[in-house]
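A short write-up of the structure that comes next.
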Amino acid sequence: MKKILFALAIVGSATSFAQSVKDGKVSTDSKRYLKDQKFDGRQPGWFISGNNSLLFSQNAYSNWIAGGINSFALNGSLDYEFNFTRDKHIWDNRVVMAYGIQANKDDTRKTNDMLEFYSSYGYKIKNNWFLASAMIFRTQFSAGYNYVPDPRVKISNILAPGYLSLGLGVDYKPNENFQINIHPFTPRMTFVMDKDLQKKGNFGLKNDGDNTLLEFGAYLGARYKIQIMDGITYDNRLGIYADYLNKFGNMDLAYDGILDLKVNKFISAQVTINLLYDEDQIKKTQAKQTLGIGFNYKFDNTPPKVEEAPATAFMQEAPIFEEKEETIEVATYILKREPILNETKLVSQ
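Mature numbering (1 follows the signal peptide of the UniProt record, and there is no 0) puts the sequence shown at residues -18 to -1, 1 to 331.
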């Protein structure tokens, strides 16, 4: 209610208020209107955040009667988000890269391998609903092997498989920590560019020598980031895909969870959980879990949230009431945000 009264007040006094601005500065009298008000600190433009981590573990033995093998494991990852917002338009992009190895005196094997890119454009249609289009690309960096047989057998490689999906539908985004994606029109292409793996049945290929598989289906996705307590966050991402043209009831499911336990600014522990079910690969649920402690560095240029952005502090960086039109524009924005007046239109006098 305070915001509503404030909005109406500044419209009524827009002309006199504008006169209180000189050389781009707001006078002391003008600032009294802003003393206890808060603005949404988010401004149009690009916002970038990133998480860089390098986790490690080691086992070392010397004359240990119970036995054991000296080993060393290293796991590095990059997780970057490039997001753009302006008026009713939003464009979110995310790049995730991860690679890990474990080495002992006899062998070196990879423990993690991921390259993923997400891009989503949305146009706001009502409240938190957006008309949306999205692209998802997934593959890996290097060859993967089954070590049970001797010699080892190659079972995957870069772009073998590679997945590219393009979706159309709607997104529900009430805030930056939660979203639901409903895309009923989603073609998906599977690439198998390694000739050694171009065999019938591999990743759903219909014939020997095929290098692509085209599907058309529906995609349902969700992401939820939660702060469990200070220094502990959990990022969940779920994707479900069903092919209209082939066994519609047999759905592909992918879940990724990252539990981040922050020790200080540069050191943290991290637990990752990955679940995958895709009958084109194997008719079993695939599971991967990693745990490590190491160096972690995050950066984020996202402006403060509403409750963290008092108006007086906001205006010290960028005065926003230099003209009557600007005053009315801000007041209109405040009124639109109030649920009881979401249909109210502010008309300049």
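We treat Cβ as the ideally placed atom computed from N, Cα and C, and that holds for glycine.
- The residue from N57, Y100 and N110 with its alpha-carbon nearest to that of R91 is N57.
- A114 is positioned such that its CB atom lies closer than 9 Å to that of H165.
- Within the model, the alpha-carbon separation for S31 versus Y100 is close to 15 Å.
- For N41, the CB contacts under 6 Å within the same chain, skipping 5 residues up- and downstream, are S53 in chain order.
- DSSP places S53 inside the beta strand (DSSP E), whose first and last residues are S53 to R68.
- Distance from N139 to D153 at the Cβ level is roughly 33 Å; contact not present, criterion being Cβ atoms closer than 8 Å.
- Separation of the CB atoms of K207 and N159 is rounded to 4 Å, and the pair is thereby assigned contact status at 8 Å.
- Leaving aside the five residues that flank K244 on each side, the residues in its chain whose CB is nearer than 6 Å to its CB run, in chain order, G213 and S250.
- Per the coordinates, the alpha-carbon of T121 lies some 43 Å from the alpha-carbon of N45.
- Following the DSSP letters along the chain, one finds Q271 inside the beta strand (DSSP E) bounded by residues I264 to D282.
- P26 has its alpha-carbon roughly 5 Å from the corresponding atom of R68.
- Counting only residues of its own chain and dropping the five nearest sequence neighbours on each side, F167 has a CB closer than 6 Å to the CB of L150.
- Under the 10 Å beta carbon count, P143 is surrounded by 16 or more other beta carbons and is classified as buried.
- Measuring C-alpha to C-alpha distances from E197 to each of M171, K188 and I210 identifies M171 as the nearest.
- Fully enclosed beta strand (DSSP E) runs of no fewer than 3 residues occupy 126 to 128, 135 to 138 and 144 to 157 of the segment 113 to 162, in order along the chain.
- Cβ neighbours of L273 within its own chain (closer than 7 Å, five residues either side excluded): V253.
- Taking each of S35, E261 and Y127 in turn and checking the Cα distance to D178, the smallest one comes out for Y127.
- One alpha carbon belongs to P169, the other to Y226, and they sit about 10 Å apart.
- Judged by DSSP secondary structure, G199 falls within the beta strand (DSSP E) whose first and last residues are T194 to M211.
- M211 and F281 have their alpha carbons spaced roughly 20 Å apart.
- The residue among G104, E98 and Q180 with its C-alpha nearest the C-alpha of K136 is Q180.
- Inter-residue distance for D74 and N110 is about 15 Å (C-alpha atoms, whole angstroms).
- Assigned with DSSP and collapsed to three states, N45 falls in coil, not helix or strand.
- Sequence-distant Cβ neighbours of K106 in its own chain, meaning closer than 7 Å and more than five residues away, are K70 and F112.
- Sequence-distant partners of G203 (beyond 5 residues in either direction) whose C-beta falls short of 6 Å from its own C-beta, in its chain, are N163 and G221.
- Per DSSP, the beta-bridge partners of D260 are I264.
- Here Q180 is not bridged, per DSSP, to any residue.
- Annotated three-state conformation of G191 is coil, per DSSP.
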